[in-house]
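These notes are about the structure you will find just below.
Chains as they are written, first to last, in the numbering used here: chain W, 760 to 1046; chain A, 885 to 1322.
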C-alpha cells in the first residue's frame, strides 16, 4: 500500500476527494437526474409514469405558478435586505465592541439553533396570535384596532423567515469583520478620514466577503422556504413556490410538475447567484 | 384495572397550550394530545418537514403503474373459514387503540391474545392514507404480500383499493358475526364497499363546523355561516380537498357521492368566492387557532372539538343543516396477506360491545357499536362507587357526548365521501389548489 502510494503520489488528493465525491454523487447528482427524468415524464400514480420528454412542462408550470415564483423571489429579497440590515450592526458590535463578551454574544446568536426551528416558528404563532400576549395587550389598551392581525399576513411570513435565517447572516459577517485589522481603520482616521469615510472606504469593503456569503445563505433557503409560509401564513396571498411543490408532491401526486418546478427554482437560483457573483467581482471576496 | 388517560385541566396555563401545540406539530404524543391531533395530522396538510418520508420519495421515483386496468376483484377467492395461524401483523394509525398508562400495552390486544392465542404484531405505521398507500402499492401491483395482515384505510381509500383489486374479500356474516349483531346500521353496506365485502369499520368521525360563540356573537347552523362577510379573516377552512369540497357540495344540495363534474365546479365556485374571507387553509393546526381565538368559525373534525371542549366548554361543534361528512376508518385485509383468518378473528373480537367500549373510552372517536354507550355509563357508575370522581366525570362526558355517540338525528344528516376515479381526483385537486394556493 505504502509503496503503491509512493509510486502514485499524485493520486492522493483525488483519494481525499473520494468520500465527499461519492456522497455527492449518491445524494445529490443521482437525485438531480431522477428529478430531471421525472419532470419529463407523463402519467398518473395509477397508470404509472412514462418518460415522454415532455419539455413543454417547463413553460407550463412557469406560467401557471408565475405568481408564486415571483412572490418567493420577492420575499427572499426582502428577507435578505432585512437580515443584512439587522445582522450587520449586530456582527459589527460583537466584532469590534464585544471585548471579552465576544464568545458569549456569539453563543447567544446561535442559541436558537439549539431548538428545532419548527418549535421556534410555532412559538411565533403564540406571540403573534390575535388574542396573544402581544396583540391582545395592545388591543386591550386601545393602541390597535380589534380586527388587527399579524398572523396569516405577508408581514408574519417575512418576519418569520428573517428571524430563522438571521444567524446565517450574522456569523459570516462576524467572521469577515473580526479579521479586519482595526489598525487599518485607525490609520484611515489618522489620515483625516471621518468615521463615516473610514467605515465606507475601509471597513465595509473589507467585510464584503461576509456580506456576500451572508446574503446567499439567507436568500437561497428563503426562496425555497415553505414552513414559515404554511405556519405563519396559510393563505392564498402568502403561498410561496415551496408550498406549491409540497402540495403537488404530497397531495396531488403530480410528480412531474413538482419536479419541474424544483428544477426551475434551482436553475433560477444558480443563475441568480452567478450574476450576483459577477456583479460583485473586483470586490475582495476571499474569506 | 381500567386506567384512563389523564385529562387536561380546564384552567390550564399557557405553557400547557404551547406544549400541546408542539406535540401536535410534531405528530408525537404529549400527555395532553393522546388522540386526535396525532392521527389527524395525516388527514390534512402535513405540518412539518417530516412529510418527506422515504416512501413518498421512493414513490416519486417509481415509474411502475398502479395496477393493470383489468385488476377487478375476482369473485372467486374469498378469505375466511380456515384455521387461524396464531399471528397477526396489524398496521394502524398512531394512538388509535387503548393503551395502559403504566405498561404502554393495549388491554384489548392482550385480551385478544389471551382469548385466541393469536400474537399481534401491532405497529403504528399509518400517518396518511396516500403516503401509506404509496408504501404498499408496489407490492400490491406486483401481486405480492405487503407484509401486513390488516390495515386501516379511510373509506374513500377503501373504495380506491377495491377498485384496484387490492383488498381481500370475505363473507362478513360468516366471518365477523359480531359486526352483523352489534354494529350500527349506518355502518352496514356502506357506499364505498357494498355488503361490507372487504371492510368493517374501526372508528369514525364527523367533518362539520366548529365555532366560538363569544367571537361569532351568535349561534351558527349552516355552511352559509362560513360564507358570511361578517366573519372576514376569522374563518378557517381545511386544506383537505375531499372535506372542503364535500361540505360545499352539500351546501349546494348535492350528495357528494353523486356529484357530477359540473356540480363539483359549482361547489368550487362557492369556495372561490369565499376565499377572500378565509384566514387560512389548515391541516390539523386549525384546532390550535380555534382554541386561541384567532378563528371564530372553522371547518372541524368532531374528535378534536370534543377534546378542545375540556379546555374551553364554550366551543361548539355542529353538523351543518345541509349535511356533514361521516368519515370511517376501516379494518381491511390487503391482497395476499399471510394470515387473513387471524385478521377476521380480530375484527370479530372488537365488535363485542365490552371491547368496543374499552377502546372508545381511550380514543374518543365515534364508536360503531351503539351498545358501548351503556357499558361506558356502567363503568362511570363503577368509578363513582369506587370514589374516583375524576374518572367518573370523564367517562360520563364520553358516554353523553354527541361527538362520540351521535344521535340518530345527527347521523341521518351525515354523508359519505365520493370515491373518486383518478381523473376526478386530479380535477378535485386542481380545482381546490387554485382556491387555496392561487
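For each residue, glycine too, the CB sits at the ideal point set by N, CA and C. Owing to the predicted nature of the structure, the values given are computational and were not obtained by experimental measurement.
Which residues in chain W have a C-beta closer than 7 Å to the C-beta of residue i? List them in chain order.
i              : result
residue 1313/A : 1010 and 1011
residue 1165/A : 993
residue 1094/A : Simply none; closest approach about 17 Å.
residue 1023/A : Under the 7 Å cutoff, chain W gives no residues; its nearest Cβ is about 15 Å from residue 1023/A.
Does the beta-carbon distance from residue i to residue j come in below 8 Å?
i              : j              : result
residue 1233/A : residue 1063/A : no
residue 1200/A : residue 1179/A : no
residue 853/W  : residue 870/W  : no
residue 1091/A : residue 1142/A : no
residue 1038/A : residue 1013/A : yes
residue 981/W  : residue 920/W  : yes
residue 932/W  : residue 992/W  : no
residue 1173/A : residue 1120/A : yes
residue 1245/A : residue 1189/A : no
residue 1161/A : residue 1054/A : no
residue 1058/A : residue 1253/A : no
residue 1276/A : residue 1260/A : no
residue 1074/A : residue 1301/A : no
residue 1256/A : residue 1280/A : no
residue 1225/A : residue 1085/A : no
residue 1154/A : residue 1316/A : no
residue 946/W  : residue 968/W  : no
residue 838/W  : residue 930/W  : no
residue 1043/A : residue 1079/A : no
residue 1028/W : residue 971/W  : no
residue 1212/A : residue 1095/A : no
residue 909/W  : residue 925/W  : no
residue 982/A  : residue 992/A  : yes
Which chain W residues sit within Cβ distance under 9 Å of residue i?
i              : result
residue 1317/A : 1003, 1006, 1007, 1010 and 1011
residue 1321/A : 824, 827, 995, 998, 1002, 1003 and 1006
residue 1014/A : 804, 1009, 1010 and 1012
residue 1009/A : The contacting residues do not exist; residue 1009/A stays about 17 Å from chain W at best.
How would you list, in chain order, the residues of chain A whose beta-carbon sits under 8 Å from the beta-carbon of residue i?
i             : result
residue 890/W : 1176, 1177 and 1178
residue 981/W : By Cβ distance, chain A contributes nothing, its closest Cβ being about 15 Å from residue 981/W, past 8 Å.
Please list the partners that residue i has in chain W, where partner means a Cβ-to-Cβ separation under 8 Å.
i              : result
residue 1306/A : 803, 804, 805 and 806
residue 1050/A : None at all; the shortest Cβ gap to chain W is about 11 Å.
residue 1159/A : 995
residue 1132/A : Under the 8 Å cutoff, chain W gives no residues; its nearest Cβ is about 16 Å from residue 1132/A.
Relative to the C-alpha of residue i, which candidate in the options has its C-alpha closest?
i              : options                           : result
residue 1114/A : 1281/A, 966/A, 1099/A and 1241/A  : 1099/A
residue 961/A  : 1009/A, 1275/A, 1153/A and 1218/A : 1218/A
residue 1010/W : 1226/A, 1017/A and 974/A          : 1017/A
residue 802/W  : 1024/W, 1037/W, 1012/W and 828/W  : 1012/W
residue 883/W  : 897/W, 1028/W, 911/W and 817/W    : 911/W
residue 1318/A : 779/W, 1007/W and 1034/W          : 1007/W
residue 1034/A : 1007/A, 1043/A and 1049/A         : 1007/A
residue 1321/A : 899/W, 961/W, 848/W and 827/W     : 827/W
residue 1110/A : 981/A, 1202/A, 1050/A and 1175/A  : 1202/A
residue 1032/A : 1266/A, 1051/A, 1046/A and 1315/A : 1051/A
residue 976/A  : 1222/A, 1216/A, 1312/A and 1299/A : 1216/A
residue 1108/A : 983/A, 1309/A, 1133/A and 1123/A  : 1133/A
residue 1310/A : 764/W, 806/W, 779/W and 881/W     : 806/W
residue 1056/A : 980/A, 1082/A, 1049/A and 995/A   : 1082/A
residue 1025/A : 1303/A, 1049/A and 1197/A         : 1049/A
residue 1248/A : 1231/A, 1289/A and 1238/A         : 1289/A
residue 1157/A : 1112/A, 995/A and 1258/A          : 1112/A
residue 1014/W : 948/W, 784/W and 798/W            : 798/W
residue 879/W  : 923/W, 892/W and 916/W            : 923/W
Using a Cβ cut-off of 8 Å (strictly closer), state whether residue i contacts chain B.
i              : result
residue 1182/A : Any reference to chain B falls outside this structure, whose protein chains are W and A.
In chain A, what lies closer than 7 Å to residue i by C-beta?
i             : result
residue 908/W : 1117
residue 911/W : 1163 and 1164
What do you reckon, is the C-beta of residue i under 7 Å from a heavy atom of the ligand SAM?
i             : result
residue 956/W : With respect to the ligand SAM, the structure shown offers nothing to examine, as it has no ligands at all.
Exercise for review: Kindly confirm or deny that the stretch 972-982 of chain W and the stretch 836-850 of chain W touch, where touching means at least three C-beta pairs closer than 8 Å.
Suggested key: yes
Check your understanding: Is it a yes or a no for the stretch 878-890 of chain W touching the stretch 932-943 of chain W, going by three-plus beta-carbon pairs under 8 Å?
Key -> no
Check your understanding: Given 8 Å as the limit, is there contact between the stretch 980-987 of chain W and the stretch 1001-1009 of chain W, that is, 3 or more CB pairs closer than that?
Key -> yes
Point to revise | Segment contact flag, the stretch 992-1000 of chain A with the stretch 1186-1195 of chain A, C-beta cutoff 8 Å, min 3 pairs | key: no
Check your understanding: So does the stretch 794-814 of chain W actually touch the stretch 1017-1025 of chain W, counting three or more Cβ pairs closer than 8 Å?
Key -> yes
Point to revise | Contiguous beta strand (DSSP E) assignments of at least 3 residues, all confined to the stretch 1169-1252 of chain A | key: 1181-1185, 1200-1202 and 1208-1216
Review point. Taking only runs of the beta strand (DSSP E) that begin and end inside the stretch 766-836 of chain W, which ones reach a length of at least 3 residues, in chain order?
Key: 800-803 and 807-810
Check your understanding: Counting only runs that start and end within the stretch 1000-1065 of chain A, where is the beta strand (DSSP E) found for 3 or more residues in a row?
Key -> 1003-1007
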